[in-house]
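Asks: Position in the sequence shown counted from 1, then plus 387, gives you the working numbering.
Don't be surprised by glycine CBs; every beta carbon is placed ideally from N, CA and C.
Quick one: the structure is below, and I'll ask about it shortly.
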Amino acid sequence: MIDVTVRAGDGRDTFDDALDRIYAEAGGEVPRDPVAAKVIEILADFLEYDTDQLALDDDLVEDLGADLGLQFDLDIVLEVEFGIDLPDTNPMDTVGEIIAGVREQTDAQA
388 MIDVTVRAGD GRDTFDDALD RIYAEAGGEV PRDPVAAKVI EILADFLEYD
438 TDQLALDDDL VEDLGADLGL QFDLDIVLEV EFGIDLPDTN PMDTVGEIIA
488 GVREQTDAQA
């Protein structure tokens with residue numbers, strides 16, 4: 388069974404570390420996801436973090452210090468950058484949920 392625990396500087400893997408470990412345990416190489424990479428880049432820029440400081444389970448408010456105004460602005464930036472509409476009914480509180488939400492919308496448009 389593959390361990391999918393995600394860690395960061397406090398013992399959790401960063402996004403890339405988690406992917407590398409999961410794929411290595413499965414005997415493969417990580418195909419880099421351009422959507423996830425761009426979302427991480429936008430989040431890091433917006434929240435003034437380095438990309439390697441963000442972990443999939445980081446909560447925007449509790450872990451990264453975002454407020455509702457910043458979350459609203461972030462949604463707009465993601466919608467413009469990816470040409471998507473993020474639904475208001477599906478809350479995206481963590482980095483991983485944001486990546487999944489953006490990926491879902493970009494896949495729906497493909």
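Once the 5 residues before and after D462 are set aside, which same chain residues still bring their CB inside 7 Å of it?
Replies: Looking up residue 462 in the sequence shown gives position 75. Cβ within range, chain order: L473.
Asks: Measuring CA to CA, which of D403, A411 and V426 is closest to I471?
Replies: As a position in the sequence shown, residue 471 is number 84, starting the count at 1. Per the Cα distances, V426.
Asks: Among the residues of its own chain, which have a CB less than 6 Å from the CB of V448, if the five just before and after it don't count?
Replies: For the purposes of this step, residue 448 is taken as the residue at position 61 of the sequence shown. Same-chain partners within the cutoff: there are none.
Asks: Looking at the structure shown, is D432 part of a helix, part of a strand, or coil, going by DSSP?
Replies: Taking the first residue of the sequence shown as 1, we reach residue 432 at position 45. It is helical.
Asks: Beta-carbon separation of D446 and T481 under 8 Å?
Replies: The residue you call residue 446 lines up with position 59 of the sequence shown. The residue you call residue 481 lines up with position 94 of the sequence shown. Yes. Within cutoff.
Asks: Would you call A442 buried or exposed, if buried means 16 or more other Cβ atoms sit within 10 Å of its Cβ?
Replies: Mapped onto the sequence shown, residue 442 falls at position 55. Buried, since its Cβ has 16 or more Cβ neighbours within 10 Å.
Asks: Taking the CB atoms as reference points, tell me whether I429 and E484 lie closer together than 8 Å.
Replies: The sequence position of residue 429 within the sequence shown is 42, counting from 1. The sequence position of residue 484 within the sequence shown is 97, counting from 1. Their beta carbons are not under 8 Å apart, which means I429 does not touch E484 by this criterion.
Asks: Does DSSP put D403 in a helix, a strand or coil?
Replies: Taking the first residue of the sequence shown as 1, we reach residue 403 at position 16. Three-state result, D403: helix.
Asks: Let me know if Q496 comes out buried or exposed under the rule of 16 or more other beta-carbons within 10 Å of its beta-carbon.
Replies: Taking the sequence shown and counting its residues from 1, the one referred to as residue 496 is at position 109. Per the 10 Å Cβ criterion, exposed.
Asks: Apply the 10 Å Cβ neighbour rule to L455 and answer buried if 16 or more other Cβ atoms are within range, or exposed otherwise.
Replies: The residue labelled residue 455 in the question sits at position 68 within the sequence shown. L455 should be labelled exposed.
Asks: What did DSSP end up calling T481 once you bin it into helix, strand or coil?
Replies: For this step, residue 481 is matched to residue 94 along the sequence shown. Strand.
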